[in-house]
Amino acid sequence: MELNFKGTEPQYMSLGAAGADLEALHEEVLLPNEQVMIDTGTAVEIPEGYFGLCCPRSSLCNKKGLHMVNSLGIIDSDYRGTMRFVYKNTSDEEVIIQKGERIGQLIIIPFVKANLVKADTLGDTIRGEGGFGSTNK
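Counting from 21, one number per residue, gives the positions in the sequence shown under the numbering used here.
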């Protein structure tokens, strides 16, 4: 599959990498407990029937105490803006993201669009409405 892009080229950093790394467009300074939206300056043209999943890089959490606020970002096939990542500094120290530093990954995934039908009842299952730890495990 071809993926058209403008801006900095997303790069697969190893042969088995599922996600293409994206870089910070500008230097960003995050103070302790501060939340910042970091722009990659990269936009993509994702084919219809696919979406992009923006995922954090584990090294930003592990080494710098940065957490992606919304955990994952979805890039729809009709979106043409730049990809941005919202990170929060959970460390007690100032964190600097350098221009060109890899800040996230883009994974391209196919999807099926459901035909949503309003129903008065839903089919029964053993689990039923149990959730949020209802299995006690």
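Ideal placement from N, C-alpha and C gives every residue a C-beta, glycine not left out.
Along the chain, where does the alpha helix (DSSP H) containing residue i start, and where does it finish?
| i | result |
| --- | --- |
| N82 | S78 to K84 |
Give a yes or no on whether the C-beta atoms belonging to residue i and residue j are separated by under 9 Å.
| i | j | result |
| --- | --- | --- |
| R100 | A63 | yes |
| A38 | I127 | yes |
| S91 | P67 | no |
| E22 | K119 | no |
| K138 | V115 | no |
| E54 | F25 | no |
| M103 | L42 | yes |
| C75 | Q125 | yes |
| P52 | E149 | no |
| G69 | L45 | no |
Along the chain, where does the beta strand (DSSP E) containing residue i start, and where does it finish?
| i | result |
| --- | --- |
| N109 | R104 to N109 |
| I94 | G93 to I95 |
| D144 | No beta strand (DSSP E) holds D144; DSSP gives it neither H nor E. |
| E48 | E48 to L50 |
| L42 | A40 to E43 |
| V115 | V115 to I117 |
When burial is assigned at 16 or more other CB atoms within 10 Å of the CB, is residue i buried or exposed?
| i | result |
| --- | --- |
| P130 | exposed |
| R147 | exposed |
| L142 | exposed |
| M33 | exposed |
| G72 | buried |
In the DSSP output, which residue or residues are listed as bridge partners for residue i?
| i | result |
| --- | --- |
| K26 | A63 |
| P130 | Y70 |
| G124 | L42 and P76 |
| M33 | Its beta-bridge partners do not exist; DSSP assigns none. |
| V56 | Y107 |
| M21 | None, per the DSSP bridge assignment. |
At least 3 beta-carbon pairs within less than 8 Å: the stretch 98-109 vs the stretch 51-63:
yes
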